[in-house]
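First the structure, in the form of structure tokens, and then the observations on it.
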Amino acid sequence: MPVRLDPVPPRVDLGRVLDVVAASAAELGIEAYLVGGFVRDRLLGRDGSDRDIDIVVVGADGVALLEAVARRLGWARPAVFERFATAQVRGAGFVLEVVRARAESYDPESRKPQVRPGTLEEDIRRRDFTVNTLVQGLDGRVLDLTGRGLDDLRRGILRTPLDPAETFSEDPLRMLRAARFVAQLGFRLAAGLREAMRAMAPRTAILSAERVRDELSRLLLSPHPREGMEVLREAGLLDVLLPELVPMVGVEQGGWHVHDVWEHSLHAVELAPRDLLTRLACLFHDAGKPATHALAPDGRHTFHDHPRAGAEIAARVMTRLRYSNDEVARVSALVLHHMRPIQYRADGTGDAAVRRLIRDLGDLRGRSLDLARADTRASAFPGVDGIDELERRMARLDAEGQVSRLRPPLDGHELMRLAGRAPGPWVGRAQRRLVEAVLDGEIPPADAEAARRWLGEHPEPLRG
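Per the numbering used here, the sequence shown starts with residue 12, numbered consecutively.
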């Protein structure tokens, strides 16, 4: 029987989408269930988590169901991923993904599963945690096929449906997901799960860099990233996936610090705004301290040039995890400059130094100040008033954005005309000297005439 096309309503809400899914499944005779994080989050009452809808169909092709849903709602046709028997359709801010009930097996040396059709029970038991095994019929009834999902959801416990060694061996990414769910949902690991993860941690070496990157990013953007990162450390996953961070554990700092380098960095991450670049910078901002640690004659802990060492570590790790070149460059710059806002003193820092900081930070200024505030609050340092004052001073000195977008007030052709010289490296050096004069307040930004007068009084750049 052909599927009836209903008029598209002016506003498509969740109720309308689920009604269309149920009607389409009924007309096509398809057995379908809502499943996974969609069901879990609805039962938890989590706001904003009902736009991604996972559906499992039993003994049928899910593509036909999504095609019918798309036609009814006036959406584009679904994308089909034949290898995994899945399909996806998007519209009105919703993402619907359908998978055929399946059983999976993994080769020990492979990161890709062998898939075959399975029963609903087989599909559910191959999932990562009992709280994600709950399914909801299109009539609204919730089914707990493992018998433990609802209880674990109420108690906030992460437990694998099968023996954890089997669950984690099939897809080691599930161990990173455990850490992410701790950070995201505030759940805790069931007894024995951490030990199983530690035993299986070496298997995470087969994971693609992109999968690790995505889970790390989601973890860092969660409400409780410190707890999630501690799971990675305690379960041995840090040693395999982020070994550059392991030396931070246990490194004392002294001064205003009340935590070791590792704990301080995690507190900073949690105190930072939920912005990926800022939180990555908080994670790496002191990563250079272990390599630069020394004890001064008076017993003080010193970490000379640790921002540069940390920036290099951030770049190395993020490049390995396939973050974009832009993300790598931005986080590295934030780490490199992270001490400068903290070291600012209103009565001891001149306008030229503040202009240079504005120039060096560029459009990272806001994130840099957020990082400085999180870094400060993660210690016993008395307040962030100095950083707030620096922000106001930066805004005053760069009221029209002339400093942050600073360019030499004279181009190369003008410099060659004034000097009566041919092109050469001297032109670039002369332009850099003009920029320094602007930063020092000797030439107003973008004032070509003032730059010509300044060169008349300081002709050395023209002479090379």
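The beta carbon of each residue, even a glycine, is placed where N, CA and C say it ideally should be.
Could you name the residues that DSSP lists as bridge partners for residue i?
i	result
Gln99	Ala90, Glu108
Gly148	Tyr44
Leu169	Leu200
Leu154	Val146
Val67	Tyr44, Val110
For residue i, name the three-state secondary structure that DSSP assigns.
i	result
Leu200	strand
Ala75	helix
Met12	Bear in mind that the predicted position of Met12 carries a pLDDT of just 41, short of 50, making it too unreliable to give a figure here.
Ile398	helix
Arg285	coil
Phe392	coil
Arg113	strand
Pro254	helix
Leu227	helix
Asp458	coil
Asp17	Unreliable placement is indicated for Asp17, whose pLDDT of 49 sits below 50; the coordinate value is still reported in the next sentence. Of the three classes helix, strand and coil, the one that applies to Asp17 here is coil, per DSSP.
Pro234	coil
Pro128	strand
Ser276	helix
Gly299	coil
Arg418	coil
Ala220	helix
Glu263	coil
Asp386	helix
Gly239	helix
Leu294	helix
Asp337	helix
Val80	helix
Asp543	Residue numbering for the chain in the displayed model covers 12 to 475; residue 543 lies beyond these limits and cannot be assessed.
Glu453	coil
Asp271	coil
Gly467	helix
Phe140	coil
Ala207	helix
Ala433	coil
Along the alpha helix (DSSP H) that carries residue i, what are the first and last residues, could you check?
i	result
Gln442	436-450
Val32	25-39
Asp162	160-166
His424	423-430
Val414	Segment: none, Val414 is in no alpha helix (DSSP H) and carries neither H nor E.
Asp61	No alpha helix (DSSP H) contains Asp61, which DSSP labels as neither H nor E.
His317	317-331
Gly247	Segment: none, Gly247 is in no alpha helix (DSSP H) and carries neither H nor E.
Asp134	131-136
Ala176	175-181
His474	Here the sequence assigns Arg to residue 474, which means His is not the residue at that position. Where Arg474 is concerned, the enclosing alpha helix (DSSP H) stretches over 471-474.
Looking only at its own chain, which residues have a Cβ that is under 8 Å from the Cβ of residue i, when we skip the five neighbours before and after it?
i	result
His296	Ser276, Ala279, Pro318, Gly321, Leu345, Val346, His349, Leu382, Asp386
Val146	Tyr44, Leu45, Val46, Val50, Val67, Leu131, Ile135, Val153, Leu154, Leu156
Val193	Leu169, Arg199, Leu200, His235, Glu238, Gly239, Val242
Leu16	Residue confidence for Leu16 is low, a pLDDT of 46 falling below 50, so the modelled location carries little weight and cannot support an answer.
Leu55	Leu164, Leu196
Leu372	Ala344, His348, Ser379, Ser415
Arg432	Leu473, Gly475
Pro420	Leu445, Val449, Ile454, Pro456, Ala457, Asp458, Ala459, Ala461, Ala462
Val31	Asp17, Val80, Arg83, Leu84
Beta-carbon within less than 6 Å of residue i's beta-carbon, same chain only, minus the 5 sequence neighbours each way: which residues are those?
i	result
Arg388	Leu282
Gly73	Ala98, Val109, Arg111
Val28	Phe105
Val328	Glu255
The beta strand (DSSP E) spanning residue i covers which residue range?
i	result
Ala305	304-306
Thr4	Only positions 12 to 475 of the chain appear in this structure, which leaves residue 4 out of reach.
Excluding the 5 residues flanking residue i on each side, which residues of the same chain have their C-beta closer than 7 Å to its C-beta?
i	result
Arg351	Leu368
Ala246	Met186, Arg205, Met208, Arg209, Ala212
Leu287	Ser228, Leu231, Leu232
Arg444	Pro472
Met12	The pLDDT assigned to Met12 is 41, lower than 50, so where the model puts this residue is not dependable; a value taken from the coordinates is nonetheless given after this. Correct list, in chain order: Glu38.
Gly160	Thr141, Val142, Thr144, Leu145
Thr303	Phe314, His315, Asp316, His317, Ala320
Relative to the ligand GTP, is the shortest distance from any of its heavy atoms to the C-beta of residue i smaller than 7 Å?
i	result
Asp309	With respect to small molecules bound, the structure shown includes none, and the ligand GTP cannot be examined in it.
So within the segment 344-384, which uninterrupted alpha helix (DSSP H) runs reach at least 4 residues, ignoring any that extend past its ends?
350-353, 362-372
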